[in-house]
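Participant: Remember, our numbering sits 91 above the position in the sequence shown when you count from 1.
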Amino acid sequence: MKIAEFSVPMPYDSESIDKLTAINESVEKSKITNVYLTLPPSCDLFTGFEQDRNVYIEKKEFEYWENLMSYSLKKGFDVIYLLNTYNIVQLSNNNEQDKRFEKLNKLLPKLKEIGVNKIRITNPLLIMYLKKLYPNFQIYASTSLEFKTIREYQQFLTMYPDTKQIVPSADVNKNFKLLKNLRKNYPNLDIEIMVSQACIKGCPHRNFHQGIEGYGIKFCTYLYNKNIASNLCNANNIYPWEIQEYLNIGINKFKLVGRDSFPAHTSLLLNKYNIYLKAFDNIKSVENEPFSVLLHYIPGNFLITDDIKIKDIKSYLTQIDYFKKNGHLCSSECNSEGFYCFNCAKKINEQLKLEFTKE
92 MKIAEFSVPM
102 PYDSESIDKL
112 TAINESVEKS
122 KITNVYLTLP
132 PSCDLFTGFE
142 QDRNVYIEKK
152 EFEYWENLMS
162 YSLKKGFDVI
172 YLLNTYNIVQ
182 LSNNNEQDKR
192 FEKLNKLLPK
202 LKEIGVNKIR
212 ITNPLLIMYL
222 KKLYPNFQIY
232 ASTSLEFKTI
242 REYQQFLTMY
252 PDTKQIVPSA
262 DVNKNFKLLK
272 NLRKNYPNLD
282 IEIMVSQACI
292 KGCPHRNFHQ
302 GIEGYGIKFC
312 TYLYNKNIAS
322 NLCNANNIYP
332 WEIQEYLNIG
342 INKFKLVGRD
352 SFPAHTSLLL
362 NKYNIYLKAF
372 DNIKSVENEP
382 FSVLLHYIPG
392 NFLITDDIKI
402 KDIKSYLTQI
412 DYFKKNGHLC
422 SSECNSEGFY
432 CFNCAKKINE
442 QLKLEFTKE
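1) Check this for me: beta carbons of L359 and V118, under 7 angstroms apart or not?
2) For Q188, does the three-state DSSP call read helix, strand or coil?
3) Just the C-alpha distance for Q442 and C435, rounded to the nearest angstrom, thanks.
4) When DSSP labels each residue in this structure, what does L347 get in the three-state scheme?
5) So what's R211 in DSSP terms, helix, strand or just coil?
6) Identify, in the order they occur along the chain, each residue of the same chain with its Cβ nearer than 8 angstroms to the Cβ of E450, setting aside the five sequence neighbours on each side.
7) On the three-state DSSP scale, how would you describe C425?
8) Can you pull the DSSP bridge partners for F97?
9) Could you give the distance in angstroms between the alpha-carbon of H387 and the alpha-carbon of R350?
10) Out of L269, K400, C290, which one is the CA nearest neighbour of I342?
11) On the DSSP bridge list, what partners appear for M285?
12) Put V377 into one of helix, strand or coil per three-state DSSP.
13) Cβ of N298 within 7 angstroms of Cβ of E237?
14) Quick one, which of T357, Q288, P215, I210 has its alpha-carbon nearest Y103's?
15) Going along the chain, which residues of its own chain have a beta-carbon closer than 6 angstroms to the beta-carbon of A289, five neighbours each way excluded?
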């Protein structure tokens, strides 16, 4: 039996890394195999090619993060370092860029010395830089590229054939025709699916979220609160009981998100990972858990209370069989000719009689 392999953010202390090991020991059908991270902006070796989602700025010393990466490797996890800012910078001779590359050229040898050789990248020019000067590093393409068509992947992989892994845009998570063709055309390519982020479908700010985060969050919270049930049913997250359908088409790599919640909410986040993997093992074993534990973040999720259990809402959610047949049509028919998700949302509002709809 092929197990489902998950990547998760690397916790910020060794005790929590131990808890990831304990999660692996408690489940049978899946395993956490990778942890990913960036340094905090306060660290001298933070290059500027990273997203600044590590808010643990009190830990400025690289030695602290070096020890955690080494400990993660020792515990059997692969470590992926993220150079995945969306800002497309030119590799030109200006002072700011010189400083970035000066730090990058200090960081990469240190990562290699630790044993970290996997780098998640968004900027294609940075991929070229690493392939030329640091060919021993494996290139993992970031979901921040937001590719949504088969031709985009074909062109990208023609230009960067040594890419080890891609993470498709969440907007194609349920486009089974696209995912099947990617799997068929690139049998040796790792394809990882981001499963726990319930962002609004078709977010116009997704590419720019990092740069305009305050505005972006206000925008999506406003839209979500207009009809939470509708946006929830239209979201592209993957529930544990749907994972098997991806295994069936040859995709067994999945990503759980949440690094922006460390260190303040570490226990909560680890509990979510634990329940998600246990739900894949046996959904009945966790059906009395709050539904919200299956998702990292829902804008305005104060309306998704702990009183709503997985068993209360599961049968009213969209069914993966619909998307196996029709998922490739969503990008052109949603809310114009296709109303499946909206009809599911109506059932949630009607059957559960919850305060889901806000105008």
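The C-beta atom is built at its ideal place from N, Cα and C for all residues, glycine as well. All of these numbers come straight from a predicted model, not from anything done at the bench.
Facilitator: The short version:
1) no
2) helix
3) 10 angstroms
4) DSSP places L347 in coil when its eight states are reduced to three.
5) strand
6) Low confidence applies here, because E450 scores a pLDDT of 39, under 50, leaving its location unreliable; read the following figure in that light. Same-chain partners within the cutoff: K317.
7) strand
8) I123, F345
9) So the alpha carbons of these two residues sit roughly 10 angstroms apart.
10) L269
11) In DSSP, M285 forms a bridge with K346.
12) V377 falls in the helix class under three-state DSSP.
13) yes
14) T357
15) A326, N328, L386, I389
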